[in-house]
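**Student:** In this text, residue positions in the sequence shown follow the numbering used here: the first is 10, and each later residue adds one.
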Amino acid sequence: MNSRELHFTVFCIENVAERLNKSGAEVYALLKVNSTILDDYIVPNYDTLHTQGKEYIVDDIIEFMQEKRLA
């Protein structure tokens with residue numbers, strides 16, 4: 010993971026956490042420890058996702074989390 014992907018990952022985690030009223034650590038655990046969303050979806054799709062607006066990105070990740078019964 011390069012520095013741009015790392016910054017984007019933190020951006021995603023913190024904004025999803027804010028929307029779900031959870032801590033960044035809780036969301037990180039949901040995306041990395043309890044699932045593979047971070048490694049299999051967010052990072053590999055960085056090139057596409059980072060061109061979208063914040064609302065779209067957060068909605069997309071939360072929708073994916075709901076499909077996995079994590080949110």
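Glycine is no exception: its CB is placed at the ideal position from the N, C-alpha and C atoms.
All values derive from a computational prediction rather than experimental measurement.
According to DSSP, simplified to helix, strand and coil, what is HIS16?
**Tutor:** Helix at HIS16.
**Student:** Short of 6 angstroms in beta carbon distance, which residues of its chain neighbour ILE66, apart from the five on each side in sequence? Order them along the chain.
**Tutor:** Hits under 6 angstroms: LEU58.
**Student:** Can you have a look at VAL25 and say buried or exposed, based on whether 16 or more other CB atoms are within 10 angstroms of its CB?
**Tutor:** Answer is buried; the Cβ neighbour count reaches 16.
**Student:** Is it true that the CB of LYS77 sits closer than 8 angstroms to the CB of ILE46?
**Tutor:** Yes, these two residues count as a Cβ contact at 8 angstroms.
**Student:** In its own chain, which residues sit with a C-beta less than 8 angstroms from the C-beta of ASN43, not counting the 5 before and 5 after it?
**Tutor:** Result list for ASN43: LEU79, in chain order.
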